[in-house]
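A.B. asks: Position one of the sequence shown corresponds to residue 2 (this note's numbering), numbered consecutively onward.
We put the beta carbon where it would ideally sit given N, CA and C, even for glycine.
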Amino acid sequence: MTGGIYLIQDDERLVEMTEQAYNSEALLQKLLVDYPSLLAGDRIDSTTPRRWLLIKPEMEVPSEEDGYGRWFVDHLFLDQDGIPTIVEVKRSCDTRIRREVVGQMLDYASHAVVYWSIEKIITQFEANCQIRGLEPNTLLSHFLVPDRPTLFDLIEDDIQISNFWQSVKDNLQTGKIRLVFVADKIPSELQQIIEFLNRQMNPAEVIGVEIKKFEGQNLKVLIPRVINQTTAARDKKLYRALREDIQWNASLFFEKLEAKQNTDEVWVARKLYDWIENHQHLQIRWSQGKLGGFYLTQQSNVKEVKLMAVWAITSINNPTATVQICFPELNQIISKQDNTKCLELIQRLNEIPGIAIPINAVNNKYPSFPISQLKDEKALHLFLEIINWITKEIEAM
Numbered sequence: 002m003t004g005g006i007y008l009i010q011d012d013e014r015l016v017e018m019t020e021q022a023y024n025s026e027a028l029l030q031k032l033l034v035d036y037p038s039l040l041a042g043d044r045i046d047s048t049t050p051r052r053w054l055l056i057k058p059e060m061e062v063p064s065e066e067d068g069y070g071r072w073f074v075d076h077l078f079l080d081q082d083g084i085p086t087i088v089e090v091k092r093s094c095d096t097r098i099r100r101e102v103v104g105q106m107l108d109y110a111s112h113a114v115v116y117w118s119i120e121k122i123i124t125q126f127e128a129n130c131q132i133r134g135l136e137p138n139t140l141l142s143h144f145l146v147p148d149r150p151t152l153f154d155l156i157e158d159d160i161q162i163s164n165f166w167q168s169v170k171d172n173l174q175t176g177k178i179r180l181v182f183v184a185d186k187i188p189s190e191l192q193q194i195i196e197f198l199n200r201q202m203n204p205a206e207v208i209g210v211e212i213k214k215f216e217g218q219n220l221k222v223l224i225p226r227v228i229n230q231t232t233a234a235r236d237k238k239l240y241r242a243l244r245e246d247i248q249w250n251a252s253l254f255f256e257k258l259e260a261k262q263n264t265d266e267v268w269v270a271r272k273l274y275d276w277i278e279n280h281q282h283l284q285i286r287w288s289q290g291k292l293g294g295f296y297l298t299q300q301s302n303v304k305e306v307k308l309m310a311v312w313a314i315t316s317i318n319n320p321t322a323t324v325q326i327c328f329p330e331l332n333q334i335i336s337k338q339d340n341t342k343c344l345e346l347i348q349r350l351n352e353i354p355g356i357a358i359p360i361n362a363v364n365n366k367y368p369s370f371p372i373s374q375l376k377d378e379k380a381l382h383l384f385l386e387i388i389n390w391i392t393k394e395i396e397a398m
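1. Identify every run of the beta strand (DSSP E) within the segment 310-374, keeping only runs that are complete inside it and at least 3 residues long; order them along the chain.
2. Given this structure, state the Cα-to-Cα distance separating Arg92 from Tyr109, to the nearest angstrom.
3. Alpha carbon to alpha carbon, how far is Tyr69 from Ala113?
4. Tell me which same chain residues have a C-beta within less than 7 Å of the C-beta of Glu17, skipping the five on either side of it?
5. Does Glu89 pass the burial test, meaning 16 or more other C-beta atoms within 10 Å, or should it be called exposed?
6. Name the DSSP beta bridge partners of His76, please?
7. Using the Cα positions of Lys170 and Asn279, report the straight-line distance between them to the nearest angstrom.
8. Give me the DSSP bridge partner(s) of Pro225.
9. With C-beta atoms as the reference, is Glu266 less than 8 Å away from Ile372?
10. Per DSSP, what are the beta-bridge partners of Arg99 in this structure?
11. Where does Leu292 fall in DSSP's three states?
12. Enumerate in chain order the residues of its own chain whose CB-to-CB distance from Ile314 is below 6 Å, with the five nearest sequence positions on each side excluded.
13. How would you call Gln374, buried or exposed, if buried means at least 16 neighbouring beta carbons within 10 angstroms?
14. Taking only heavy atoms of the ligand MG into account, decide whether any of them is closer than 7 Å to the Cβ of Leu107.
15. Here's the rule: buried if 16 or more other CB atoms are within 10 angstroms of the residue's CB, otherwise exposed. What is Cys94?
16. Here's the rule: buried if 16 or more other CB atoms are within 10 angstroms of the residue's CB, otherwise exposed. What is Phe295?
17. Can you tell me whether Ala110 is helix, strand or coil according to DSSP?
18. In terms of residue numbering, what span does the beta strand (DSSP E) encompassing Ala184 cover?
19. Taking the continuous alpha helix (DSSP H) assigned at Trp268, which residues delimit it?
20. Going by C-alpha distance, which of Ser369, Ile353, Pro329 and Cys130 is nearest Asp159?
21. In whole angstroms, what is the alpha-carbon distance linking Leu350 and Thr341?
22. Measure the C-alpha to C-alpha separation of Arg97 and Lys186 and round it to an integer number of angstroms.
23. Quick one: is Asp11 buried, meaning 16 or more other Cβ sit within 10 Å of its Cβ, or exposed?
24. Apply the 10 Å Cβ neighbour rule to Ile360 and answer buried if 16 or more other Cβ atoms are within range, or exposed otherwise.
25. How far does the beta strand (DSSP E) with Glu20 in it reach, from first residue to last?
26. Where do the ends of the beta strand (DSSP E) carrying Trp287 lie?
27. When the Cα atoms are used, what is the spatial distance from Phe370 to Asp80?
28. Please name the residue in Gln281, Asp43 and Ser288 whose C-alpha comes closest to that of Lys393.
29. Can you tell me whether Lys379 is buried or exposed? The criterion is at least 16 other CB atoms within 10 Å of its CB, across all chains shown.
30. Just list the residues that DSSP pairs Pro63 with in beta bridges.
31. Using a Cβ-Cβ distance under 8 Å, would Arg133 count as near chain C?
32. Does the Cβ of His76 have 16 or more other Cβ atoms within 10 Å, making it buried, or fewer, making it exposed?
33. Applying the criterion that 16 or more other CB atoms from any shown protein chain within 10 Å of the CB defines a buried residue, is Lys257 buried or exposed?
34. Taking the DSSP output, what are the residues bridged to Gly217?
35. With DSSP as the reference, identify every bridge partner of Val207, one or two as the case may be.
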């Protein structure tokens, strides 16, 4: 190996560290499992550095519907936008790194977007967490909100998790994935292929990550470098529809809706908003994050309860405005008094044409439906009557 780096110790002595090869491919794979940040998310996106959630090492990829794994990707990660990130690891001494690995990766990607279901991904994530002794929802919550306060709204937490998995599903369906070739050195032939694929593939992203290892005087240093982060490619691929830290309000919300030029969505959302504003026992709480929306809340004799949410978009890749029912929070209040009320709520909502909420949604689910289902005045009137009924039930408890 050629090249070196120099480390200045506390006593001002200079330690020369020389580049060394990895003893095995398995070692580099394990490093990525233990330290996903080696994928250099800050270099992939300097504006909003990518963070990585490991779903599973050796993730199966079937070649047919409900089939067994025909291939195994080295790692499947998700970033904070729910973009599936397929990682394939090779050492530079492996002759397959020049061309064979590209065909291998394209096999994985083309079948993954078709045959990976969101249920399978969640199951594999939970199983991997169990193996590692981690609680899945706790890990995911901290991943989505790294600087979460000590006292965090658990209902907001559950909604964010639900929306995150929906984003993963949407990204798979639209082919918005990331293919990452990892090696100690990316050969020039592979780099040229990566650059070509990244220019041609949209919305998929193709990159290479070199992770060089340096050793000297019992010290080791790993230095990742991202291949193919040209300005043009980066500007195209790193577009973000909305900032993560937006604090929404009425002005921003309706501006977002009106920009989509869907008059039905704007009309219904405005009617819902005005109706809540005209009922003093109800409140509107604005969300913070990408999707943009507000909660209808009501003060019970125990706590402030979130009854429903209205979102400007379903996910980054699905622009449909939705109404979401917050059964986990309703269950905490209503089911303690009368466990039939939530079932009755579902039955009443399902009487509105176009709405079909499954009965099992009562078990701590967040079912949603397009807000445009309420564009008919009769449907909207019936919906508001139902919401008025449930608020009176809560008030009487």
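C.D. replies: Well, looking at it:
1. 323-326 and 369-371
2. Within the sequence shown, residue 92 is the residue found at index 91, counting from 1. Within the sequence shown, residue 109 is the residue found at index 108, counting from 1. In a straight line, the C-alpha of Arg92 is about 19 Å away from that of Tyr109.
3. What you label residue 69 is simply residue 68 of the sequence shown in a count that begins at 1. What you label residue 113 is simply residue 112 of the sequence shown in a count that begins at 1. Looking at the two C-alpha atoms, the distance is approximately 12 Å.
4. Position 16 of the sequence shown holds residue 17. Hits under 7 Å: Gly5, Tyr7 and Gly217.
5. Within the sequence shown, residue 89 is the residue found at index 88, counting from 1. By the 10 Å Cβ count, Glu89 comes out buried.
6. Position 75 of the sequence shown, counting from 1, holds the residue named residue 76. Looking at the DSSP assignment, His76 forms a beta bridge with Pro58 and Val88.
7. Here residue 170 refers to the residue found at position 169 when the sequence shown is read from its first residue. Here residue 279 refers to the residue found at position 278 when the sequence shown is read from its first residue. So the two alpha carbons sit approximately 37 Å from each other.
8. The count along the sequence shown starts at 1 and reaches residue 225 at position 224. Pro225 pairs with Ile212.
9. Start at 1 with the first residue of the sequence shown, and residue 266 comes out as number 265. Start at 1 with the first residue of the sequence shown, and residue 372 comes out as number 371. Yes, the pair counts as a contact, with Cβ atoms nearer than the cut-off.
10. Reading the sequence shown from its first residue, position 98 is the one you call residue 99. According to DSSP, which records beta bridges pairwise, Arg99 is partnered with nothing at all.
11. Position 291 of the sequence shown, counting from 1, holds the residue named residue 292. Correct three-state label for Leu292: coil.
12. If you number the sequence shown from 1, residue 314 lands on position 313. Leu292 and Pro320, listed in sequence order.
13. Taking the sequence shown and counting its residues from 1, the one referred to as residue 374 is at position 373. So Gln374 counts as buried.
14. No copy of the ligand MG occurs in the structure displayed, which carries no ligand at all.
15. Along the sequence shown, one-based indexing puts residue 94 at 93. That one is exposed.
16. Along the sequence shown, read from residue 1 onward, the residue named residue 295 stands at position 294. By the neighbour-count rule (16 or more Cβ atoms within 10 Å), Phe295 is buried.
17. Taking the sequence shown and counting its residues from 1, one reaches residue 110 at position 109. Ala110 falls in the helix class under three-state DSSP.
18. Along the sequence shown, one-based indexing puts residue 184 at 183. From DSSP, the beta strand (DSSP E) with Ala184 extends over Arg179 to Ala184.
19. By one-based count along the sequence shown, residue 268 stands at place 267. Segment Thr264 to Glu278, the alpha helix (DSSP H) holding Trp268.
20. Within the sequence shown, the letter at position 158 stands for residue 159. For the residues Ser369, Ile353, Pro329 and Cys130, the minimum Cα distance to Asp159 belongs to Pro329.
21. As a first step, residue 350 must be located in the sequence shown, where it is residue number 349. As a first step, residue 341 must be located in the sequence shown, where it is residue number 340. When rounded, the distance between both Cα atoms is 14 Å.
22. Within the sequence shown, the letter at position 96 stands for residue 97. Within the sequence shown, the letter at position 185 stands for residue 186. Cα to Cα, Arg97 sits roughly 13 Å from Lys186.
23. The residue given as residue 11 occupies position 10 in the sequence shown. That one is exposed.
24. To locate residue 360, count along the sequence shown from 1; it is residue 359. Ile360 should be labelled exposed.
25. On the sequence shown, residue 20 is found 19 positions in, with the first residue counted as 1. Leu15 to Gln21 is the extent of the beta strand (DSSP E) around Glu20.
26. Residue numbering aside, residue 287 sits at position 286 when the sequence shown is read from its first letter. Element bounds for Trp287: Leu283 to Trp287.
27. If you number the sequence shown from 1, residue 370 lands on position 369. If you number the sequence shown from 1, residue 80 lands on position 79. Straight-line Cα distance between these residues: approximately 26 Å.
28. By one-based count along the sequence shown, residue 393 stands at place 392. Nearest C-alpha to Lys393: Gln281.
29. For this step, residue 379 is matched to residue 378 along the sequence shown. Exposed: under 16 other Cβ atoms inside 10 Å.
30. Residue numbering aside, residue 63 sits at position 62 when the sequence shown is read from its first letter. Answer is Gly70, bridged to Pro63.
31. Chain labels in this structure do not include chain C; a single protein chain is all it has.
32. Taking the first residue of the sequence shown as 1, we reach residue 76 at position 75. Its Cβ being crowded by 16 or more others within 10 Å, His76 is buried.
33. Numbered from 1 along the sequence shown, position 256 holds the residue referred to as residue 257. Counting Cβ neighbours within 10 Å, Lys257 comes out buried, since at least 16 surround it.
34. Counting from one through the sequence shown, the residue named residue 217 turns up at place 216. In the DSSP output, where bridge partners are listed per residue, Gly217 has Leu220.
35. Residue mapping note: residue 207 aligns to position 206 of the sequence shown, counting from 1. Its beta-bridge partners are Leu180.
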